[in-house]
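A short write-up of the structure that comes next.
Residue numbers (the UniProt record's numbering): 1 to 113.
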């Protein structure tokens, strides 16, 4: 019986009762709203050197295709849908994203500073 108590104490005390996954810090998160093929904001400043999460909200009547070919990022959202993408660690600079369904008005820039 003492062995069982010792094992139980170690199991709880050392955290072996947890699911074993490391808890990562939350990613910096930014929101982009798209209405009638126009991004808001059209210029988004983000921290360089760390991954970021961009929440996409399609408030227009048609689909949205958020894309950056260089980063191999593409997300398609139906009208009224919401989703997110995670950008890799970016070096300082500007990165263009487009809505392929609205190539004239659907352009925005992520600026890593």
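Beta carbons: idealized from backbone N, C-alpha and C, even for Gly.
Beta-carbon proximity of residue 33 to residue 55, cut-off 7 Å: no
Check whether the segment 33-44 and the segment 94-101 touch, using three or more Cβ-Cβ pairs below 8 Å as the test. yes
Taking the continuous beta strand (DSSP E) assigned at residue 93, which residues delimit it? 93-99
Sequence-distant residues of the same chain with beta carbon closer than 7 Å to residue 61, five excluded per side: Around residue 61: 79.
What's the gap between the Cα of residue 50 and the Cα of residue 82? 23 Å
With 16 other CB atoms within 10 Å as the buried threshold, where does residue 112 fall? That one is buried.
Return the Cβ separation of residue 25 and residue 92 in integer angstroms, given the expectation that the two are a contact with Cβ distance under 8 Å. Between residue 92 and residue 25 the Cβ distance is about 22 Å, and since that is not below 8 Å, they are no contact.
Shorter than 7 Å from the beta carbon of residue 92 to some beta carbon of chain B? No chain B appears in this structure, which consists of one protein chain only.
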